[in-house]
Amino acid sequence: MLLTLKETAKKIKQGKILFLAGEEALLRQLPKGRWIGGTIPYFMTEQGGLSATDKIFVNEVPPLVSDSKIISYEEPQLRRIPIDACDNGFSLIIIPYASRPHFAYAQNAPSYLKSLKPLLGWIAGIHLEKMGQMTPKVFNGETAEHFEQKAVVMHLSLPLEKVATIQVINLFKPNPDGDLLTFEKEGFEVTECFINGQPQNFARYLLEKKIDLKFPVVANYFGTPVNVSFQNIDSTAKIVKLYAPVFKNITYQLAVPLQDYVTKFKEELSFQPITSPPVFTCNCILNYLYSELEGKTTGDFVGPMTFGEIAYQLVNQTLVYLEIQ
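FYI, in our numbering the residues of the sequence shown are 17 to 341.
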């Protein structure tokens with residue numbers, strides 16, 4: 017739900033366990049309590065997609081959660097997240113965009129997650145018009161601290177008879193007739209690559225082919241299709257900048273372009289019947305922008321529009337949600 021500062025503070029004082037998203041100026045004014053938060057002004061609500069600087073998106077943890085603990089992690093400590101997680105439950109994570117933990121988590125999450133304890137969350141961001149003027153932040157509500165270079169995680173415990181399940185809706189599929197793309201170096205910036213086994217500058221390839229950067233490249237990561245979204249092309253330096261890293265020894269393909277995001281989204285939902293509203297949902301800011309979601313609704317799937325989603329590992333241009341059964 018989207019609440020005012022006063023309404024959110026009241027819930028905190030009532031002892032509610034909350035997962036918050038909103039402008040930094042609002043989150044700084046909240047009292048201490050059992051909450052974590054991250055900066056972002058974009059949301060999907062029951063009334064549709066919107067940008068709000070005077071409201072906070074509030075996810076209230078269900079009453080069946082039996083215990084919670086909040087831990088802040090510097091980059092070297094990220095591998096401890098599954099160790100600190102509850103034996104039966106789930107963990108909610110927020111990481112600041114373009115921070116050391118963001119880069120480290122994107123590149124190393126598969127090695128961190130030796131167990132499959134449910135872990136989901138998002139990458140905190142800022143209003144796009146303020147890029148370069150402000151930095152994304154995350155908040156530990158218990159200590160009233162905020163961070164630019166730490167991740168915050170809320171570990172939650174469930175009764176033994178309950179199970180948390182993470183679902184990902186990814187509308188993008190690799191183009192089966194498209195070129196095969198591989199990379200020599202891992203990271204968020206790409207210069208050289210191989211196109212069908214032939215070396216080529218990646219920026220030159222995209223420009224010559226007039227590739228629409230709204231649509232990502234897609235790869236199969238251990239049986240799961242994962243998007244890597246484009247940030248921009250530096251045409252002078254011939255560098256391609258990405259919102260998630262590419263990896264060596266993985267084959268990527270350009271995604272099949274979408275004509276109508278909302279229609280495609282509703283089609284995908286019809287294959288995933290929901291018996292009750294998700295406990296938590298986040299969607300990608302790129303979906304919000306490129307699919308013109310402002311004012312358009314996505315049913316029960318409401319929550320922050322983020323600079324990246326986490327469903328165990330970092331993903332882009334997806335919708336991630338949590339169910340408890």
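Where a beta carbon is used, it is the ideal one built from N, C-alpha and C, also for glycine.
Treat the numbers as computed from the prediction; the structure is a model and nothing was measured.
- Out of Phe199, Gly137, Tyr277, Asn186, state which residue places its alpha-carbon closest to the alpha-carbon of Val295. Gly137
- Would you mind sorting Tyr237 into buried or exposed? The rule is 16 or more other CB atoms within 10 Å of its CB. It is exposed - the Cβ of Tyr237 has fewer than 16 other Cβ atoms within 10 Å.
- Task: Check the C-beta distance from Leu66 over to Leu42 and give it rounded, since I have them as a contact under 8 Å.
- Result: Not really, about 15 Å apart at Cβ, beyond 8 Å.
- Message: According to DSSP, is Phe204 part of a helix, a strand, or is it coil?
- Response: Annotated three-state conformation of Phe204 is strand, per DSSP.
- Message: Suppose you measure from the CA of Val278 to the CA of Phe73; what does that come to, to the nearest Å?
- Response: 22 Å
- Message: Here's the rule I'm using: 16 or more other beta-carbon atoms within 10 Å means buried, otherwise exposed. How should Pro112 be labelled?
- Response: buried
- Message: Per the DSSP calculation, Val154 is bridged to which residue(s)?
- Response: DSSP output for Val154 lists Gly54, Phe163 as bridge partner(s).
- Message: Taking the alpha carbon of Glu145 as the reference point, which residue from Ser84, Ala120, Lys178, Ile56 has its own alpha carbon closest?
- Response: Ile56
- Pick out the complete beta strand (DSSP E) segments inside the segment 231-291, 3 residues or longer, and give them in chain order. 233-237, 240-244, 246-250, 255-262, 268-270
- Just curious, the alpha helix (DSSP H) that Asn124 is in, first and last residue? Here the alpha helix (DSSP H) through Asn124 covers 116-128.
- Item | Whole-angstrom distance between Gly31 and Asp343, CA atom to CA atom | Residue 343 lies beyond the range of the chain shown here (17 to 341); nothing can be said about it.
- Flag this pair as touching only if the segment 112-129 and the segment 75-82 have three or more C-beta atom pairs under 8 Å; answer yes or no. no
- From Asn191, Ile97, Pro92, pick the residue whose C-alpha is nearest to that of Lys85; which is it? Measuring C-alpha to C-alpha distances from Lys85 to each of Asn191, Ile97, Pro92 identifies Ile97 as the nearest.
- Leaving out five residues on either side along the sequence, give the residues of the same chain with a beta carbon under 6 Å from the beta carbon of Ala160. Around Ala160: Lys48.
- Query: Using 8 Å as the Cβ pair cut-off and three pairs as the minimum, do the segment 161-171 and the segment 215-222 touch?
  - Reply: Not touching, per the Cβ criterion.
- In angstroms with no decimal places, state the Cα-to-Cα distance between Pro92 and Phe106. Straight-line Cα distance between these residues: approximately 22 Å.
- Query: With distances taken from CA atoms, which of Ala37, Gln63, Arg95 is nearest Asp70?
  - Reply: Taking Asp70 as reference, the option from Ala37, Gln63, Arg95 with the minimal CA-CA separation is Ala37.
- Message: I need the boundaries of the alpha helix (DSSP H) containing Asp100, first residue and last residue.
- Response: 97-100
- Message: Would Asn248 and Lys254 be called neighbours here (beta carbons separated by less than 7 Å)?
- Response: no
- Query: CB Val336 to CB Val184, shorter than 7 Å?
  - Reply: yes
- Within 10 angstroms of its Cβ, does Ile139 collect 16 or more other Cβ (buried), or is it exposed? buried
- Classify Ser287 as buried or exposed, calling it buried when 16 or more other Cβ atoms lie within 10 Å of its own Cβ. As written in the sequence, residue 287 is Phe, which differs from the Ser given in the question. Residue burial annotation: Phe287 is exposed, with fewer than 16 other C-beta atoms found within 10 angstroms of its C-beta.
- Alpha-carbon to alpha-carbon, Asp316 and Thr297: 9 Å
- Message: My assumption, with CB atoms under 8 Å, is that Phe189 sits in contact with Val242. Please give the rounded CB distance.
- Response: Reading the sequence as shown, one finds Lys at residue 189 and not Phe. That belief does not hold up - the Cβ atoms of Lys189 and Val242 are roughly 12 Å apart, past 8 Å.
- In terms of alpha-carbon separation, which member of Phe210, Ile33, Met60 lies closest to Met17? Met60
- Straight-line CA distance for Cys209 to Pro175? Spanning the alpha carbons of Cys209 and Pro175 requires a straight line of approximately 49 Å.
- Report yes if the CB atom of Leu46 is closer than 7 Å to the CB atom of Ala68, and no otherwise. no
- Looking at the structure shown, is Ala68 part of a helix, part of a strand, or coil, going by DSSP? coil
- Item | CA-to-CA distance, Glu308 to Met147, given in whole angstroms | 20 Å
- Task: Could you name the residues that DSSP lists as bridge partners for Lys85?
- Result: His171
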